[in-house]
Amino acid sequence: MANEPLVESHSGVHGDAPIEKDSETKDNHIRARAYHIWVEEGRPDGRELDHWLRAKWEVEAAPNP
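Under our numbering, the first residue of the sequence shown carries the number 59, and numbering increases by one thereafter.
Printed below as a string of structure tokens:
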């Protein structure tokens with residue numbers, strides 16, 4: 059356990075309540091939204107970062123269920 063990396067908890071303090079799963083879920087939502095943006099824009103090349111950042115903003119701005 060001493061070699062395991064510390065993971066930030068929901069309280070903002072390193073501890074036993076990891077947020078890795080929440081982060082992974084959020085990344086999956088961002089990835090899916092970025093893909094839909096890419097498709098909506100006609101699948102252009104070279105816009106990956108624009109699509110990711112827009113999707114990230116949209117996901118983070120959406121109210122939590």
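Glycine included, C-beta positions come from ideal geometry on N, C-alpha and C.
Practice prompt. Please report the residue range of the alpha helix (DSSP H) in which Ala92 lies.
Written response: 78-98
### Query
Out of curiosity, what's the CA-to-CA distance linking Glu118 and Ser81?
Going from the Cα of Glu118 to the Cα of Ser81 covers about 12 Å.
Self-check item: Of the listed residues Ala92, Val97, Glu99, nearest to Leu44 (C-alpha basis)
Solution: Residue 44 lies beyond the range of the chain shown here (59 to 123); nothing can be said about it.
- [ ] Rank Lys79, Asn86, Trp110, Lys84 by C-alpha distance to the C-alpha of Trp96 and give the top, closest one.
- [x] Trp110
What's the gap between the Cα of Lys79 and the Cα of Pro102? 31 Å
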